[in-house]
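Beneath this line is the structure, given in structure tokens, with notes to follow.
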Amino acid sequence: MKILKTTGESAAATEAVLRELEMRGATNTAKVDGVVREILDAVRTRGDAALREFSAKFDGLREDQPLLVTREEMAAAWEAISEELKAAMRIAQANIRSFAERQLPKSWSFRPTEGMEVGQIIRPLSAVGCYVPGGRYPLPSTLFMTATPAQVAGVERIVVCSPKPATETLAAAYLAGVTEFYRVGGAQAIAAMAYGTETIAPVDKIVGPGNLYVTAAKQAVSREDTGIDMPAGPTEIVVTSEVGDPVGIGADLVAQAEHDPEALPIFITSKLDLAEQVVAEAQRQAEGNELALISLAAQGYAFVTETVEEAQALTNRLAPEHLTVDSGSDLRWVKNAGSVFIGHFTPQSMGDYVSGPNHVLPTGRNGRLRGGLSVVDFVKVITVQQYTKAALQEVGPHTIALAEAEGLKGHAESVRVKMR
Ligand SMILES: NC(=O)c1ccc[n+]([C@@H]2O[C@H](COP(=O)([O-])OP(=O)(O)OC[C@H]3O[C@@H](n4cnc5c(N)ncnc54)[C@H](O)[C@@H]3O)[C@@H](O)[C@H]2O)c1
Ligand SMILES: N[C@H](CO)Cc1c[nH]c[nH+]1
Ligand SMILES: [Zn+2]
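Using our numbering, the letters of the sequence shown map in sequence onto residues 1019 to 1438.
So, in structure tokens, the structure goes:
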């Protein structure tokens, strides 16, 4: 992890690093775009055969293994896990569910004028694909984070894809009541859910996190006709602190750094001595944690600013996936982040598992545009309007005036005809 000052002699070098970090989303997926395109095209043209070939190559899928996991296998996995893990899964699922329920948008209507009614109705998507990572670590927690809000939204068909699923992931699927689970991952799974194969019918939208291959594949299919939630790629953490405990901050940095060699662990402060302590702590706590050591060395930075305000502005500029701040009063300056964690007693890992807010979060500076996955991603807000004849006669002339100003005679006439 390197310390970079934003002022003084090193200011220009620091600015160059910051510019690279701002471009990280696009430059990182560009590294794998070529290979991902080949995988997508192969699955689109050759279906299951290509899906199986890539799954055998990358994830060791055997010829005798069916793509679809049965409910019996999921039930056996549930029986195989410990009571302690079952209890933890139940709590995580319940908290994620109640958080999602609160986020569900409502149908409503109102009458701006007598006889004129406008409103919205909420309808679930029909079929969604939930990607649950399984390359380096199995992430059963992601199964709850993706499938549960889809269930709360009322999605009829929920497909889960995960490579070489671990017992824990299958157990989570059992608890969640998943019925369509395929043991495939990577770009080939995204292709299967987007285009369909002999075994897997296509879905309308694909959600969930993944590595660079998964993220690049989701972005590619989103340019065709499959919806996606967001780029939710290799994990990012920013801790912005003036008074924090270096041991706690170091622990949070290591926790998120261990997800991927591409993970982005960053500390921002105006206090040089705090930055030095945090860097030393992160390094010490990462000993023996191979992946964390790699990402801390490759993309780990402690930025030291001249002022507190500059530290805050820099945080917003980076728009990180996870952001930890010192206290609740910091929320006033936070503009861009996927999810915010407040204070020493709120390790980011609590949000990864049990708090309830979703851990599928925007990376690559997409925290400028949206927050984490939510039930809103699984519904459509459809607007509705209705006039009586009297209301049309009252409000219609305004439409006629605007339509004629745009030169759209047919629009104006379509109102006039019905006002008569
Ligand atoms: N942003 C978020 O919300 C969020 C949440 C959880 C996890 N994550 C991220 O998810 C990722 C999980 O990554 P993972 O790798 O463990 O699992 P993964 O399931 O995302 O990826 C594994 C797949 O990558 C493909 N792959 C690997 N090497 C390849 C190669 N050389 N060529 C083509 N395809 C290849 C394989 O098909 C394999 O199935 C991490 O980056 C983690 O940080 C992000
Ligand atoms: N920190 C990840 C989001 O970037 C989510 C996760 C799942 N399991 C552990 N952590
Ligand atoms: Zn995590």
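Virtual Cβ for every residue (Gly too), placed ideally from N, Cα, C.
The structure displayed is predicted, hence computed values, not measured ones.
- If you check the C-beta of E1174 against ligand 2, you find no heavy atom less than 7 Å away.
- Ligand 3 has no heavy atom closer than 7 Å to the beta-carbon of Q1403.
- For T1088, there is no enclosing alpha helix (DSSP H), as DSSP marks it with neither H nor E.
- Straight-line spacing of the CA atoms in K1436 and W1126 works out to 27 Å.
- Inside the segment 1067-1140, DSSP marks whole alpha helix (DSSP H) runs of 4 or more residues at positions 1089-1098 and 1101-1121, from first to last along the chain.
- Between T1197 and D1066, the gap from beta carbon to beta carbon reaches 8 Å or more.
- Only buried fits T1160, as 16 or more other CB atoms lie within 10 angstroms of its CB.
- Taking C-beta atoms under 8 Å as the contact rule, M1211 and G1147 qualify, at a distance of about 4 Å.
- For A1320, the enclosing beta strand (DSSP E) begins and ends at Y1319 to V1322.
- Look at the segment 1333-1386 and you find these whole runs of alpha helix (DSSP H), each 4 residues long or longer: 1366-1371.
- Unbroken beta strand (DSSP E) stretches of 3 residues or longer found wholly inside the segment 1155-1210: 1175-1179 and 1198-1200, given in chain order.
- Taking a contact as a CB-CB distance under 8 Å, the pair A1209 and L1079 does not count as one, their CB atoms being some 15 Å apart.
- Between V1343 and A1300, the alpha-carbon positions lie close to 17 Å from each other.
- In the DSSP annotation of this structure, the continuous segment of the beta strand (DSSP E) that includes G1147 starts and ends at A1145 to Y1149.
- A contact is defined here as three or more CB-CB pairs under 8 Å, and the segment 1313-1332 meets this definition with respect to the segment 1270-1286.
- Q1317 has its CB no nearer than 7 Å to any heavy atom of ligand 2.
- Taking C-beta atoms as the reference points, V1272 and Q1303 count as a pair closer than 8 Å.
- Rounded to the nearest angstrom, the gap between the Cα atoms of R1388 and N1354 is 8 Å.
- Three or more beta-carbon pairs drawn from the segment 1245-1255 and the segment 1217-1231 are found closer than 8 Å, and the two stretches are therefore classed as touching.
- If you ignore the 5 residues before and after R1386, its C-beta comes within less than 6 Å of the C-beta of A1337 and N1354, all in its own chain and listed in chain order.
- If only uninterrupted beta strand (DSSP E) runs of at least 3 residues are considered, those enclosed by the segment 1244-1329 are 1254-1258, 1282-1287 and 1319-1322.
- The beta carbon of T1401 sits closer than 6 Å to those of Q1138, all from its chain and outside the five residues before and after it, given in chain order.
- Excluding five sequence positions before and after V1050, the CB atoms of its chain that fall closer than 6 Å to its own CB belong to L1230, Y1231 and A1234, given in chain order.
- Within the same chain, Cβ atoms closer than 8 Å to the Cβ of G1369 are found at H1340, S1357, F1359, P1375 and H1377, the five residues on either side in sequence being excluded.
- Under the three-state reduction of DSSP output, I1218 falls in the coil class, being neither helix nor strand.
- Counting along the chain, the unbroken beta strand (DSSP E) around V1399 starts and ends at V1397 to Y1405.
- One thing to note: F1396 has its Cβ within 8 Å of the Cβ of P1142.
- Annotation for E1119: V1170 and V1393 place their beta carbon closer than 8 Å to its own, counting only its chain and skipping 5 residues before and after.
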